[in-house]
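Right, one structure below, let's go through it.
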Ligand SMILES: Cc1cc2nc3c(=O)[nH]c(=O)nc-3n(C[C@H](O)[C@H](O)[C@H](O)COP(=O)(O)OP(=O)(O)OC[C@H]3O[C@@H](n4cnc5c(N)ncnc54)[C@H](O)[C@@H]3O)c2cc1C
């Protein structure tokens, strides 16, 4: 009998498998698709020679991940590129707020001088101990933090809503929009508690490590993790969709890189009632509508500084972003959506033929939406970059429901493996001191539906594997 099986090869499945194999436990991954990677895959979605990231595309969390950063992934072909600015936020008047990698440069470029000072003081505590604070944030709640005082002072500001914090602290449009756009990655209404924390984390990462992209596309992250795993002696079976436990060979532990809804389908009545009920009441968040373009040139932003940023937040002012995200929260597709755009080929020439470009974009929509948002997204980009539409050579779209068809982990188009509000940050996937462990012996959950949640950081997989080793595998060995 082998030691462990991991079902699903997303970043968390791969992280769990690497940790287990490295600790000396023979591990096999079973993946339903022909390629590994889950949310970290690339493909020629539009035209030949254009490499598009199908799901995730920008990786501050991967670079900061306490687990990934210690793996020798460069030896397995992973190369990071860090654009000079993490993101830009253009406005209707042709100006743009830019989040440069340098905090000082960013703060001094704001349209209001005092905002620059408040911005620096908001982030300076985080930046002083960013490594430790990130380590504390990217872990289960039920453990002792490494920097309790710093974490507490971060938490006091993090727990409030970004709409109240930004409007009470800043006067100019630049700082307000920067905070709002960063917080909107949470997929929560900007009036929700904790949204200021999402903004602080993403801005802190922007000024400590930047918002990097992998040379050659997201698939390089998955392939480097997969190749490293194989070099440790691990095995990967692709084209193997697990529908029930009985299809798998015997193993001491099985870790599922899946979300509660799929796990309930696999185990049917196998769990005690209380656990099935808890998993059944797990909430999924808004979905996303995703677009990829092949372009005949870079996006013609009115503000040329936007070409220095890997990511562009396209919506306008904090108020515009709030209206868009409020609409999604209330169950309506926004008329003028907040669009997250990534322009990889400006910094990575391998992504498109000479002189041509790729663009990756998405906006938030209500969970389960099948509305085609491409016209609304294009008119938002056109608003800040007149002439954009004339550059389009080809496009590829995914509605929220098509994203779920592509990867069943994206239930209703939710890319975080479940709503990431204050309650479900504490109680993913159920309220427990041992959230990765299920009541069935040897069965664990390791996906982004467990702490710390969504994003390509592998920390859910790492902690789930640690839990499986300490609860079962190391005891069996003794
Ligand atoms: C459009 C989009 C944009 C995103 N942007 C970013 C970003 O820029 N940066 C970032 O950090 N994160 C981003 N994310 C989120 C990120 O991709 C996810 O949080 C992350 O991939 C979650 O990893 P995971 O391992 O938990 O699950 P997944 O990556 O979803 O992996 C699950 C794996 O399990 C497989 N699987 C499913 N069912 C079965 C089964 N029954 N049997 C076998 N295998 C199965 C799937 O094929 C998949 O490979 C984005 C996601 C999307 C969709």
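Residue numbers (the numbering used here): 33 to 510.
Every residue, glycine too, gets a C-beta built ideally from N, C-alpha and C.
Taking all protein chains shown into account, residue 381 has fewer than 16 neighbouring C-beta atoms within 10 Å of its C-beta and is therefore exposed. With the rule of 3 Cβ pairs closer than 8 Å, the region 445-465 does not count as touching the region 143-163. Given a length threshold of 3 residues, each whole run of the beta strand (DSSP E) inside the region 244-300 is given here in chain order: 267-269, 283-288. Listed in chain order, the non-local C-beta contacts of residue 359 below 6 Å within the same chain comprise 366, local neighbours out to five positions each way being set aside.
Cβ contact annotation for residue 504 (same chain, cutoff 7 Å, sequence separation greater than five): 284, 285, 474, in chain order.
Within 7 Å of the C-beta of residue 238 there is not a single heavy atom belonging to ligand 1.
Closest by C-alpha distance to residue 453, out of 350, 90, 218, is 218.
Secondary structure note for residue 327: it is in no alpha helix (DSSP H), and the uninterrupted beta strand (DSSP E) holding it is 319-327. Contact annotation: residue 98 and residue 157 have beta-carbon atoms that are not nearer than 8 Å. Here residue 420 carries a coil assignment [DSSP, helix/strand/coil].
Taking residue 225 as the centre and dropping the five residues before and after it, the same chain places the C-beta of 191, 192, 193, 454 closer than 7 Å to its C-beta, in chain order.
Taking 7 Å as the cut-off, the C-beta of residue 45 counts as close to a heavy atom of ligand 1. Straight-line measurement puts the Cα of residue 132 at about 21 Å from the Cα of residue 165.
In this structure, residue 324 and residue 78 form a Cβ contact; the two beta carbons are roughly 6 Å apart against a cut-off of 8 Å.
Residue burial annotation: residue 95 is buried, with at least 16 other C-beta atoms found within 10 angstroms of its C-beta. Rounded to the nearest angstrom, the gap between the Cα atoms of residue 244 and residue 87 is 15 Å. Beta bridge pairing from DSSP links residue 361 with no other residue. The closest heavy atom of ligand 1 lies 7 Å or more from the beta carbon of residue 261.
For residue 395, the uninterrupted beta strand (DSSP E) run begins and ends at 389-397, by DSSP.
Spanning the alpha carbons of residue 272 and residue 65 requires a straight line of approximately 7 Å. The beta carbon of residue 100 sits closer than 6 Å to those of 94, 490, all from its chain and outside the five residues before and after it, given in chain order. Of the candidates 112, 129, 111, 129 places its Cα closest to the Cα of residue 119. In the DSSP assignment, the residues bridged to residue 36 are 59, 285. Bounds of the alpha helix (DSSP H) holding residue 238 are 227-240.
Rounded to whole angstroms, the Cβ separation of residue 319 and residue 486 is 13 Å, and the two are not in contact under 8 Å. A distance below 8 Å between beta-carbons, with the five flanking residues on each side excluded, links residue 329 to the following residues of its chain, in chain order: 387, 388, 389, 423. Closer than 7 Å to some heavy atom of ligand 1: that describes the Cβ of residue 294. Residue 205 holds the alpha-carbon nearest to the alpha-carbon of residue 349 among 205, 82, 117, 109. Residue 54 and residue 397 have their C-alpha atoms spaced approximately 40 Å apart.
Only exposed fits residue 124, as fewer than 16 other CB atoms lie within 10 angstroms of its CB. Rounded to the nearest angstrom, the gap between the Cα atoms of residue 74 and residue 112 is 16 Å. Ranked by how close their Cα comes to the Cα of residue 413, the residues 404, 394, 431, 182 have 394 in first place.
The C-beta separation of residue 231 from residue 215 comes to about 4 Å, placing the pair in contact by the 8 Å criterion.
Excluding five sequence positions before and after residue 353, the CB atoms of its chain that fall closer than 8 Å to its own CB belong to 209, 212, 213, 216, 222, 345, 347, 370, given in chain order.
In its chain, beyond the 5 residues on either side, 369 have a beta carbon closer than 6 Å to the beta carbon of residue 408.
Remark: the C-beta of residue 479 is in contact range of ligand 1, defined as less than 7 Å to any heavy atom.
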